[in-house]
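For reference, the structure discussed in these notes is given below.
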Amino acid sequence: MQDKEATNIPPDETNALTIAGYEVLPGDKTIIGLNVGSLPSDTKIYINVFVFRGEEPGPVMLVLGGIHGDEINGIEIVRRSIESGVYKQITKGTVIAIPLLNVFGFINFSRDVHDGKDVNRSFPGNSKGSLASRVAHALTNGVLPVVDFGIDFHTGGRGRFNYPQLRCTTGSEESFKLARIFGAPYIVEKPVINKSLREVSGKMDIPMIVYESGESQRLDGHGINFGFDGILNVMRAHGMIDPVDPVKRQEQVLIRKSAWIRASASGIFTWTKKSGEFVQKGEPLGTIKDLFVAREEVISSKRSGYIIGHTNTPVVSHGDALFHIGYDFEILEE
Ligand SMILES: [Zn+2]
Numbered sequence: 001m002q003d004k005e006a007t008n009i010p011p012d013e014t015n016a017l018t019i020a021g022y023e024v025l026p027g028d029k030t031i032i033g034l035n036v037g038s039l040p041s042d043t044k045i046y047i048n049v050f051v052f053r054g055e056e057p058g059p060v061m062l063v064l065g066g067i068h069g070d071e072i073n074g075i076e077i078v079r080r081s082i083e084s085g086v087y088k089q090i091t092k093g094t095v096i097a098i099p100l101l102n103v104f105g106f107i108n109f110s111r112d113v114h115d116g117k118d119v120n121r122s123f124p125g126n127s128k129g130s131l132a133s134r135v136a137h138a139l140t141n142g143v144l145p146v147v148d149f150g151i152d153f154h155t156g157g158r159g160r161f162n163y164p165q166l167r168c169t170t171g172s173e174e175s176f177k178l179a180r181i182f183g184a185p186y187i188v189e190k191p192v193i194n195k196s197l198r199e200v201s202g203k204m205d206i207p208m209i210v211y212e213s214g215e216s217q218r219l220d221g222h223g224i225n226f227g228f229d230g231i232l233n234v235m236r237a238h239g240m241i242d243p244v245d246p247v248k249r250q251e252q253v254l255i256r257k258s259a260w261i262r263a264s265a266s267g268i269f270t271w272t273k274k275s276g277e278f279v280q281k282g283e284p285l286g287t288i289k290d291l292f293v294a295r296e297e298v299i300s301s302k303r304s305g306y307i308i309g310h311t312n313t314p315v316v317s318h319g320d321a322l323f324h325i326g327y328d329f330e331i332l333e334e
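Taking my numbering, the leading residue of the sequence shown gets 1, the next gets one more, and so forth.
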């Protein structure tokens with residue numbers, strides 16, 4: 001880990017990259033600790049920012065996990081990508097890898113920081129604001145100014161599984177291009193959410209895609225593999241590593257509109273269709289049975305489309321979200 005006082009590299013006209021006040025030179029591989037406050041125990045909290053620079057100039061890519069502290073798949077994808085050693089093979093450009101942004105949420109098994117605020121609704125943040133706002137500010141001011149494009153890794157909420165998919169901003173051509181290169185099965189167009197990382201990145205002209213897979217507090221190997229492959233695809237396409245293997249291509253479906261099918265009764269829910277499957281309008285997806293063996297409610301799809309998410313919760317109440325169906329879609333050609 002670098003120490004601010006010890007890292008007194010003189011300003012360099014030959015492509016030094018300034019990240020949170022630290023100068024990183026071509027060829028450098030380093031870890032920067034961004035201090036974002038303390039626990040009540042006075043333990044200092046740092047966000048670890050891994051920086052890998054190639055010798056040749058090129059794009060700066062951000063791979064970010066754990067804006068939501070309990071979304072472990074994303075944290076694991078970024079961690080595994082560092083562990084793989086691929087970033088040490090960068091010949092051109094830079095990768096900034098942050099496995100865990102919301103340290104506070106992670107240690108509390110929570111999406112949010114401990115006062116209940118969501119870091120991803122606190123951008124661009126404020127260095128004198130509440131904790132979530134300070135964490136957002138550390139990223140916005142310390143890291144984003146040098147970033148050319150980024151991938152932000154998430155999962156569904158508790159008990160809510162997302163099939164591997166990319167969320168990209170409706171109308172953002174650059175984000176769409178990035179999503180195509182990344183290569184997850186679904187690309188879901190979404191308007192920007194107020195005060196999110198995607199919104200602040202858009203204002204800074206940084207294409208930022210959000211990768212969603214699995215659910216919070218649960219590892220999902222399938223989604224982790226897709227996420228890691230996606231990072232490699234993006235690096236290969238930008239010439240950052242030698243393309244030993246070509247970019248992996250597979251069929252992608254663009255989803256323009258989606259809606260949840262909700263529970264029409266309360267009881268024990270079992271599904272017969274799952275995420276990743278295509279379903280026809282009227283096709284049965286699962287059943288809800290009451291506890292007194294008196295009633296069985298068949299849940300059917302209201303539209304034809306792809307199941308892009310489903311609940312894994314066995315006990316449901318009337319109105320709970322069960323299946324997320326992408327119904328306005330287009331199968332993308334090579
Ligand atoms: Zn999230």
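All C-beta atoms in this analysis are idealised placements derived from N, C-alpha and C, irrespective of residue type, glycine included.
Model, not experiment: these values are computed from the prediction.
Segment contact, 8 Å Cβ cut-off, at least three pairs: the region 186-202 with the region 43-61 = no
Note to self: Which same chain residues end up closer than 6 Å to E283 when comparing Cβ atoms and leaving out the 5 residues on each side of it in sequence?
What the structure shows: Within the sequence shown, residue 283 is the residue found at index 283, counting from 1. Result list for E283: S301, in chain order.
Could you name the residues whose beta carbon sits closer than 5 Å to any heavy atom belonging to ligand 1, keeping them in chain order? H68, E71, H154
Discussion item. Once DSSP output is grouped into helix, strand and coil, what is the label at I193?
Written reply: On the sequence shown, position 193 is the one that residue 193 refers to. Reduced to three states, the DSSP call for I193 is coil.
Helix, strand or coil: which one does DSSP assign to V24?
Taking the first residue of the sequence shown as position 1, residue 24 is located at position 24. Of the three classes helix, strand and coil, the one that applies to V24 here is strand, per DSSP.
Using a threshold of 9 Å, state whether the C-beta atoms of E91 and G239 are closer than that.
As a first step, residue 91 must be located in the sequence shown, where it is residue number 91. As a first step, residue 239 must be located in the sequence shown, where it is residue number 239. Inspection of the sequence shows that residue 91 is occupied by Thr rather than by Glu. Yes; because the gap between Cβ atoms is below 9 Å, this pair is in contact.
Same chain, Cβ closer than 7 Å to K257, neighbours up to 5 away in sequence not counted
Position 257 of the sequence shown, counted from the first residue, corresponds to residue 257. Excluding sequence neighbours, K257 sits near Y327, D328.
### Buried/exposed call for F153, threshold 16 Cβ in 10 Å
For the purposes of this step, residue 153 is identified with residue 153 of the sequence shown, where counting begins at 1. Under this definition F153 is a buried residue.
Our contact map puts V78 next to A97 with C-beta atoms below 8 Å; I'd like the distance itself, whole angstroms only. Counting from 1 along the sequence shown, the entry for residue 78 is found at position 78. Counting from 1 along the sequence shown, the entry for residue 97 is found at position 97. 6 Å between Cβ atoms; contact.
Quiz item: How big is the Cα-Cα spacing for I32 and T140?
Solution: By one-based count along the sequence shown, residue 32 stands at place 32. By one-based count along the sequence shown, residue 140 stands at place 140. Taking the straight line joining both Cα atoms gives about 15 Å.
* Asked: Between D28 and V51, is the Cβ-Cβ spacing less than 9 Å?
  -> The residue you call residue 28 lines up with position 28 of the sequence shown. The residue you call residue 51 lines up with position 51 of the sequence shown. Taking 9 Å as the Cβ cut-off, D28 and V51 qualify as a contacting pair.
Worksheet item: Out of curiosity, what's the CA-to-CA distance linking I181 and T170?
Response: One-based indexing of the sequence shown puts residue 181 at position 181. One-based indexing of the sequence shown puts residue 170 at position 170. Spanning the two alpha carbons is a distance of roughly 17 Å.
Open item on the list: Measuring alpha carbon to alpha carbon, tell me which residue in P207, S130, K117, G125 is nearest V146.
Closed with: As a position in the sequence shown, residue 146 is number 146, starting the count at 1. Of P207, S130, K117, G125, the residue nearest in Cα terms is P207.
> Comparing alpha-carbon positions, which option in L39, A138, F228, R160 lies nearest S81?
Replying inline: Taking the first residue of the sequence shown as 1, we reach residue 81 at position 81. Measuring from the Cα of S81, the nearest candidate turns out to be F228.
Counted within 10 angstroms of its Cβ, other Cβ atoms place P164 as buried (16 or more) or exposed: Position 164 of the sequence shown, counted from the start, is the residue given in the question as residue 164. Answer is buried; the Cβ neighbour count reaches 16.
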